[in-house]
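In the working numbering, the protein residues as written are 1321 to 1507. Glycine included, each C-beta is placed from N, C-alpha and C at the ideal position. Since the structure is predicted, the reported quantities are computational estimates derived from the model, not experimental observations.
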């Protein structure tokens, strides 16, 4: 938020001085419209029936994935990361999810991202991501991703792909909502 405020101030100063060369048009546009996003820790479920218990390894990989996902959102100027307040037992459905959405909204998040991983077999895992508008409590984006292997490299390959898709879809949905709102109010 502080970074966004600084960019907004620099943009305003540039406009007051009659020079918009301080910040590119895209950066200036994004500075005032960063989408506030909160990301709850994803769940992990393993039904592969492998003989070796990999719970600790999966928890480590999931933590690394979540850290990288949050880092990607933080680094993307289109977004402002709002810290998740529900810890490791975040609800993903039912009345508890509605309460969670209200809490995320009160914390300043426009979008709440939830998800999980499901290891189906030795080689196949699925990741589900869901982005929910906290005000309307409607799903903005839902996608299932499939990736192969269960090793550090596979998780490291999956994260930037999932992150990029998630961020692009959320941004496009938000831009569409703002354009519709502008059209309705401007009519």
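Taken through DSSP and simplified to helix, strand or coil, residue 1432 comes out as strand. DSSP places residue 1447 within a strand segment (E or B) once states are collapsed to three. Closest in alpha carbon position to residue 1412, among 1485, 1364, 1429, 1494, is 1364. Burial is judged here by how many other beta carbons sit within 10 angstroms of a residue's own beta carbon; residue 1459 has fewer than 16 and is exposed. For residue 1384, DSSP records no beta bridge to any residue. When only Cα atoms are considered, residue 1388 and residue 1492 end up about 22 Å apart. Residue state for residue 1365 is assigned as strand, using DSSP reduced to three classes. Residue pairing by DSSP puts residue 1466 in a beta bridge opposite 1446. Per DSSP, the continuous alpha helix (DSSP H) segment holding residue 1424 begins and ends at 1414-1426.
Under the criterion of beta carbons closer than 8 Å, residue 1433 and residue 1486 qualify as touching, at roughly 7 Å. Residue 1356: member of the beta strand (DSSP E) spanning 1355-1359, first to last residue.
The alpha carbon of residue 1404 has as its nearest neighbour, out of 1396, 1384, 1358, 1390, the alpha carbon of 1358. Contact between the region 1416-1426 and the region 1443-1450 is absent: fewer than 3 CB-CB pairs across the two stretches fall below 8 Å. For residue 1457 and residue 1421, the gap between their C-alpha atoms comes out near 7 Å.
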